[in-house]
Structures are given as structure tokens and as C-alpha cells.
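**Student:**
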Amino acid sequence: MHSRAQALISESALAGNLTALARRAGARLLLPVKADAYGHGLEIVARIAARHPDVWGLAVAVPREAAALAQLNPGKPILLLTPPMPEEVGPLADLGVRLPVASLAEADALPAHARAHLKVDTGMNRLGARPGEAVEIGLRLAGRGLLEGVYTHFATADEPDLSFAREQLARFRRVLAALPPVLAHAANGGGILSFGVLPGLSLARPGLASYGFAPAHLREAVPLTPVMTLRARVTHVHPVHPGESVSYGGLWRAGRETTVATVGVGYADGYPRNATGKAWVLVRGERRPVLGRICMDQMMVDVTGLDVRVGDWVEVWGRNEVTVTDVAGWADTVEYEVLTGVGPRVERLAEAGDTVSRTPLPSKG
Ligand SMILES: *Cc1c(COP(=O)(O)O)cnc(C)c1O
1 MHSRAQALIS
11 ESALAGNLTA
21 LARRAGARLL
31 LPVKADAYGH
41 GLEIVARIAA
51 RHPDVWGLAV
61 AVPREAAALA
71 QLNPGKPILL
81 LTPPMPEEVG
91 PLADLGVRLP
101 VASLAEADAL
111 PAHARAHLKV
121 DTGMNRLGAR
131 PGEAVEIGLR
141 LAGRGLLEGV
151 YTHFATADEP
161 DLSFAREQLA
171 RFRRVLAALP
181 PVLAHAANGG
191 GILSFGVLPG
201 LSLARPGLAS
211 YGFAPAHLRE
221 AVPLTPVMTL
231 RARVTHVHPV
241 HPGESVSYGG
251 LWRAGRETTV
261 ATVGVGYADG
271 YPRNATGKAW
281 VLVRGERRPV
291 LGRICMDQMM
301 VDVTGLDVRV
311 GDWVEVWGRN
321 EVTVTDVAGW
331 ADTVEYEVLT
341 GVGPRVERLA
351 EAGDTVSRTP
361 LPSKG
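The sequence shown: position 217 = 217 (UniProt numbering), numbered continuously.
Quick look at the structure:
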């Protein structure tokens, strides 16, 4: 049974973005695939990343994601970005997952076959050891032969004012200078676009940018292509007469004879209900308004004058006239939230013409 809504994933767009970002960073990539690869589908993205020469490894947020990714066997390192609970450390190390470490106690609790990335808090104040404590932790890890990398995270690298990001970078460099040479990474997508090459930092972690989006003031830095097209099928076409209303609350009322198509995507699939009254979709290449309240499983679209039939596909967002950036704007949120909201009912498929993403990952020995 096929889904009413499908996310088509463009391998060429993703691969092109990765190449461009790695070149701009002068570094290999630790590709964030947390939150089901920003909603694009962990498996399909892992397949593409597994074969991309600029991808060093993959980064996830939580142990469940690390285990799911290890199961897919991408053949590249996996880094967990947030602290595991004590009972999760052994099983994750057994899977080969690289673990974040931010205290001496965490360093000492690692088994001898673990590999660690020291997390330094240079100002985000979310996770990590403060710079003054980080060196001792790093030296302890290095002494046991467990230190593979050191990293930090910028709080403001995607903003026009980079002064705080530069201060974070300076704090990070002081820690690096006191440690033996290991992998080092700091830049998220905003950091790569804002700073370009950061000498001495061998990896970078672009998330949203890899999937094709950048803040408006950084769009010139690197050409990026949105990776996902979301499309959904027309399930019903019907006339609505002047004076009649459409959907919950009767928010929209027909001023003229209107042909309405009901489309099988709603807020349970991740289309933001907050976009009600502002949203547009692409029907047969034409921008058409969504009418009335967006429902859990459906939305209604004005298709007056178009030859639209049950089973036709409507482009909900993509690379053309309606983008995730538009949808995020209508819903008063950011692309991150729209993309990661795409739900499990939405099928993730390789866009036609792509090949690598159809090739299975190497099977586990
Ligand atoms: C999510 C995340 C990233 C990626 O951030 P983007 O803004 O999507 O580029 C990088 N590093 C860490 C630690 C993260 O949590």
C-alpha cells in the first residue's frame, strides 16, 4: 500500500550540497542525521552518505538513533552528540559508536575499546566541559588511548554578527593547543557558510545546509539545493457553491463557484497547522491556495479551472515555487522544525533518476 504523501529525496541534490560544503569548509564532514536525517529518512540518507567521499562519518543525537544507524551498517564512524545514560555506554561502545565525554567521571567510566570525542562548552551552555576543565579530561582520555576527537558547538554562527562565534572559536583553539593532535570539529552549517576554512579543524558538521537550506544572508556563500520534495495525492474533487464554507470552523467561505480538491496530507504528516490561511501548494505547476483549516490528515485546495483528478499529485513543497522556507514562514517557524516534523506515515523515496540511493548498503558480515 502506498502513502498518500511521499517525500522524494534527491540524491544528486544531497551529494552536490555535501561536495560544496566540504569544499567551502576545507574539511571532511560529520553529517548530522539526527531526527531521521532532518526528516529525510535515515536509511536513504545513510546510503547516500556512505558512498560520498567527503563524508567522514555520521552524527546522531540519541542512543536509539545511534543503534538504528549502526544496524544499517553505513561503514563509516557514528558519533553520538548528547550524553548517554551510564547503562547505555557499554552497549554503544560495543556497537562502535563514538561517545561524547565532558567530565573526568565519564572519561574514567569508558571501557577500553571505546572511542571518545571530548565535548567543550565554549559558550552555548548546553553540553560539554568548560574550557578550564576540558584539557585535563582530554589528557586523561588520550592517556588511555581513547581520544579520537574534540569538538564544540556555535550558538550564533548563522547570524550576521559573528563576534560571539569568533570568541567561541578562540576558546576552542586554546583547548586544542594543549592537547595532542586529534580530529577537531566546530562548524555547523552556519559556521561553514560564515567562516569558510577554519585551519586546523579537520571535520565540520553541516546539518540543515546539507539538506539544502541557509539563512538569507548566507545564501550567496555556497549554492545549495533543497533535497526533499513533499507531494501528496488528490483524494476527492468537488464543487463548492458561493456562500458555503470549507473545513473546521468555517474559516474560508466561497465568494464564487469553486472547485476544491482534497489532498491527503495534514498536520499529522508534519504540515504545520499554523500555516492555515496563508499556505499555497503547486497544482499542475500552478500556485494554488489552501482553503480553510489544515486538518490532521488532509487539506483542501482551490483548483478552479484546472484539470485535476483523483490520484493526481500535488507538490506540497520542493525546489520550485513553494519551498520549505515558505512553509516555515507561513507557520512562523524555521525550516528545521518543518523538516523534522515530517511524520512516519510519509514514505521516503529516491527521486526518479537517482541510482546510488537505490543501491543497498553493504550487508553485515
Ligand atoms: C544539530 C547539530 C549540528 C548541525 O546544525 P545545523 O545548524 O543543522 O548545521 C551540528 N552540531 C551539533 C552538536 C548539533 O547538535
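Every residue, glycine too, gets a C-beta built ideally from N, C-alpha and C.
Measure the Cβ-Cβ separation of GLY190 and ASP158 and say whether it is below 8 Å.
**Tutor:** Against a cut-off of 8 Å, the Cβ pair of ASP158 and GLY190 comes out as a contact.
**Student:** Who are the Cβ neighbours of LEU146 in its own chain at under 7 Å, not counting the five residues just before and after it?
**Tutor:** LEU110, ALA114, ARG115 and ALA116, listed in sequence order.
**Student:** Mind listing, in chain order, the residues whose beta carbon lies closer than 7 Å to a non-hydrogen atom of ligand 1?
**Tutor:** With the cut-off at 7 Å, the residues found are PRO32, LYS34, ALA59, ALA61, LEU81, HIS153, ASP158, ASN188, GLY189, GLY190, ARG205, PRO206, GLY207, LEU208, ALA209 and TYR336.
**Student:** Determine the direct distance from the alpha carbon of GLU133 to that of GLU65, and round the result to whole angstroms.
**Tutor:** Rounded to whole angstroms, GLU65 to GLU133 spans 29 Å at the Cα level.
**Student:** Can you find the residues in the same chain that come closer than 7 Å, C-beta to C-beta, to VAL246, ignoring five residues on each side of it along the sequence?
**Tutor:** VAL240, TRP252, VAL260, LEU291, GLY292 and MET300, listed in sequence order.
**Student:** Judging by CA-CA distance, which residue of PRO272, GLU351, GLY311 and ALA204 is the nearest neighbour of ARG26?
**Tutor:** A small fix is needed here, since residue 26 is Gly in this sequence, not Arg. The candidate whose alpha carbon is nearest that of GLY26 is ALA204.
**Student:** Where does ASP108 land, buried or exposed, given buried means 16+ other C-beta within 10 angstroms?
**Tutor:** ASP108 comes out exposed.
**Student:** Find the nearest neighbour of VAL227 within the set TRP280, VAL281, ALA275 and ALA15, judged by alpha-carbon distance.
**Tutor:** For VAL227, the nearest C-alpha among the options comes from ALA15.
**Student:** Do ALA165 and THR152 come within 8 Å of each other at the CB atom, strictly closer than that value?
**Tutor:** No; because the gap between Cβ atoms is not below 8 Å, this pair is not in contact.
**Student:** Looking only at C-alpha atoms, which of ALA49, ALA20, PRO131 and ARG171 sits nearest to GLY196?
**Tutor:** Per the Cα distances, ALA20.
**Student:** So, LEU42 versus VAL55, is the Cβ gap smaller than 8 Å?
**Tutor:** No. Outside cutoff.
**Student:** Give every residue of the same chain whose Cβ lies closer than 7 Å to the Cβ of HIS52, excluding the five residues on either side of it in the sequence, and list them in chain order.
**Tutor:** Around HIS52: ALA15 and LEU18.
**Student:** Go through the region 80–133 residue by residue and report every complete run of the alpha helix (DSSP H) that reaches 4 residues or more, in order.
**Tutor:** Qualifying alpha helix (DSSP H) stretches, in chain order: 86–94 and 104–109.
**Student:** Taking DSSP as the reference, what is the three-state secondary structure of THR259?
**Tutor:** DSSP places THR259 in strand when its eight states are reduced to three.
**Student:** Considering only their Cβ atoms, is the gap separating ALA5 from ARG345 smaller than 8 Å?
**Tutor:** Yes, the pair counts as a contact, with Cβ atoms nearer than the cut-off.
**Student:** Could you check whether LEU230 and TRP313 sit closer than 8 Å to each other, using their CB atoms as the reference points?
**Tutor:** Contact flag unset, no.
**Student:** Between the alpha carbons of GLU315 and SER103, how many angstroms are there, rounded?
**Tutor:** One C-alpha to the other measures close to 48 Å.
**Student:** Using three-state DSSP, classify ASP307 as helix, strand or coil.
**Tutor:** DSSP places ASP307 in coil when its eight states are reduced to three.
**Student:** Compare the C-alpha of LEU69 against each of ILE44, PRO86 and GLU87 and name the closest.
**Tutor:** Answer by Cα proximity: ILE44.
**Student:** Taking the straight line between their C-alpha atoms, what separation do you get for ILE192 and ARG233?
**Tutor:** About 38 Å.
**Student:** Tell me, please, which residues DSSP counts as bridged to PRO32.
**Tutor:** DSSP, once it has assigned bridges, lists ALA59 as partnering PRO32.
**Student:** Give every residue of the same chain whose Cβ lies closer than 8 Å to the Cβ of GLY353, excluding the five residues on either side of it in the sequence, and list them in chain order.
**Tutor:** If we look at GLY353 and ignore the five residues flanking it on each side, its Cβ neighbours are SER12.
**Student:** My guess is that ALA46 and PRO74 are in contact by the Cβ rule of under 8 Å, so how many angstroms apart are they, rounded?
**Tutor:** Right, the Cβ-Cβ distance comes to about 5 Å (below 8 Å), so this counts as a contact.
**Student:** Helix or strand or just coil, what does DSSP make of ILE78?
**Tutor:** Residue state, collapsed to three classes: strand.
**Student:** Measure the C-alpha to C-alpha separation of ALA186 and GLY200 and round it to an integer number of angstroms.
**Tutor:** Between ALA186 and GLY200, the C-alpha separation is close to 11 Å.
**Student:** Provide the residue(s) that pair with PRO206 in DSSP beta bridges, ordered along the chain.
**Tutor:** Paired residues: none, contrary to the question.
**Student:** What are the start and end residues of each continuous beta strand (DSSP E) run of 3 or more residues lying completely inside the region 245–293, in chain order?
**Tutor:** Taking only runs of at least 3 residues, the beta strand (DSSP E) segments lying wholly in the region 245–293 are 258–263, 280–283 and 286–291.
**Student:** Nearest by alpha-carbon distance to VAL135: which of LYS119, MET124 and GLY123 is it?
**Tutor:** When only C-alpha atoms are compared, the closest one is LYS119.
**Student:** Give every residue of the same chain whose Cβ lies closer than 7 Å to the Cβ of residue 369, excluding the five residues on either side of it in the sequence, and list them in chain order.
**Tutor:** Here the chain covers residues 1 to 365 and nothing more, so residue 369 does not appear.
**Student:** Let's test the definition: count the other Cβ atoms within 10 Å of the Cβ of PRO215 and tell me whether it reaches 16, buried, or not, exposed.
**Tutor:** Buried, since its Cβ has 16 or more Cβ neighbours within 10 Å.
**Student:** Out of ARG309, LEU99 and LEU282, which has the shortest C-alpha to C-alpha gap to THR323?
**Tutor:** Residue LEU282 is the option with its Cα nearest to THR323.
**Student:** In its own chain, which residues sit with a C-beta less than 6 Å from the C-beta of PRO265, not counting the 5 before and 5 after it?
**Tutor:** The sequence shown places Val at residue 265, rather than the Pro named in the question. If we look at VAL265 and ignore the five residues flanking it on each side, its Cβ neighbours are ALA5, ALA232, TYR271 and VAL316.
**Student:** So if DSSP puts ILE9 in a beta bridge, which residue, or which two residues, is it bridged to?
**Tutor:** The partner list for ILE9 (beta bridge, DSSP) reads MET228 and ALA350.
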